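**Q**
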Amino acid sequence: MNTAAQSTTNPATKTPETVVLATGNPSKIKEAIPLLGDLRFELRPQSDFQVPEADETGVSYVENALIKAYNAAKYCSHPCIAEDSGLMIDAFDGELGVFTHRFTSRFESLQHANQHIIDTINADSNLPRTARYVAVAVYVVNDRDPMPIICQGIWEGTISREVSGDSGFGQDPIFIPDGHTQTVAVLGDKFKALHSHRSQALRQLSEQLTSLYS
């Protein structure tokens, strides 16, 4: 499923003046704004409204994205966009998944977590190196919106044999997209903005919002 967006999602068709990005992650904000830049409203981070971080208790990307969106909408009284993403590693039976951040927080640093992933797979030649980034982006009109817009992006690839590259964040230094021989962290931010799971989901969302408010 590349997108699960409903064209009749929200009854409100008046273009909002402000839409809030429901994340406290500066890297995600930096990545999202250019992808949503053609929309006819002001995009503001939830930090402008002192929105507390949501407790991500969902067991799916959709659930966690909606938890974040509804949480922000409750505090800021504006429509909200939220995203949840993770890296699914076949050698780890599909994990890290929605628990990617929780997994990496167990280690001294993100670099140590990424090295652990590589070391585990390198230690067993029978383990597959295939993996995929998954992102779900959602849009809600308010904290009671029963019909959110939901879009999904998937980026297939493999786990590298060593940590490589300085750009990006998360597992970018160990993820090699299909059709390439370098990690996302080496390929760079411009490449990521064109191809990533998050850019896929947010572009689909942008198209849905353009249609909704046209």
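Note that the numbering used here gives residue 91 to position 91 of the sequence shown, counting from 1, and the numbers run on in steps of one.
Virtual Cβ for every residue (Gly too), placed ideally from N, Cα, C.
Small disclaimer: the values here were computed from a predicted structure and weren't measured.
1) What is the rounded straight-line gap between the Cα of Q6 and the Cα of Q50?
2) Within the segment 176 to 201, note down every full alpha helix (DSSP H) run reaching 4 residues or more, in order along the chain.
3) Would you check if the distance between the CB atom of V138 and the CB atom of A72 is smaller than 7 Å?
4) Pick out the complete beta strand (DSSP E) segments inside the segment 79 to 151, 3 residues or longer, and give them in chain order.
5) Compute the Euclidean distance between the alpha carbons of P16 and F41, then round it to the nearest angstrom.
6) Measure the C-alpha to C-alpha separation of T183 and K14 and round it to an integer number of angstroms.
7) Using a Cβ-Cβ cut-off of 8 Å (strictly less than) and excluding sequence neighbours within five positions of N2, which residues of its own chain qualify?
8) Are the CB atoms of V163 and P148 within a distance shorter than 7 Å?
9) Distance, Cα to Cα, V98 vs Y213?
**A** This is what the structure holds:
1) Indexing the sequence shown from 1 puts residue 6 at position 6. Indexing the sequence shown from 1 puts residue 50 at position 50. Low per-residue confidence applies at Q6: pLDDT is 37, beneath 50, and the placement is therefore not dependable, though the value from the model is reported in the following sentence. Between Q6 and Q50, the C-alpha separation is close to 30 Å.
2) Here the runs fully enclosed are 184 to 187, 189 to 195.
3) Start at 1 with the first residue of the sequence shown, and residue 138 comes out as number 138. Start at 1 with the first residue of the sequence shown, and residue 72 comes out as number 72. Between V138 and A72, the C-beta spacing is not below 7 Å.
4) Within the segment 79 to 151, the beta strand (DSSP E) runs of at least 3 residues that lie entirely inside it are, in chain order, 80 to 89, 130 to 140.
5) Here residue 16 refers to the residue found at position 16 of the sequence shown. Here residue 41 refers to the residue found at position 41 of the sequence shown. The straight-line gap from Cα to Cα measures roughly 6 Å.
6) Stepping through the sequence shown from its first residue, residue 183 is reached at position 183. Stepping through the sequence shown from its first residue, residue 14 is reached at position 14. Roughly 42 Å between the two C-alpha positions.
7) Indexing the sequence shown from 1 puts residue 2 at position 2. Reliability of the predicted coordinates at N2 is poor, the pLDDT of 42 falling under 50, and the value obtained from them is presented with this limitation in mind. Non-local C-beta neighbours of N2 in its own chain, meaning closer than 8 Å and more than five positions away in sequence, comprise Q152, G153, I154, Q200, Q204, ordered along the chain.
8) Sequence index remark: in the sequence shown, residue 148 carries index 148 (1-based). Sequence index remark: in the sequence shown, residue 163 carries index 163 (1-based). Not in contact: P148 and V163 (Cβ atoms no closer than 7 Å).
9) In the sequence shown, residue 98 corresponds to position 98, counting from 1. In the sequence shown, residue 213 corresponds to position 213, counting from 1. Between the alpha carbons of V98 and Y213 lies a distance of about 31 Å.
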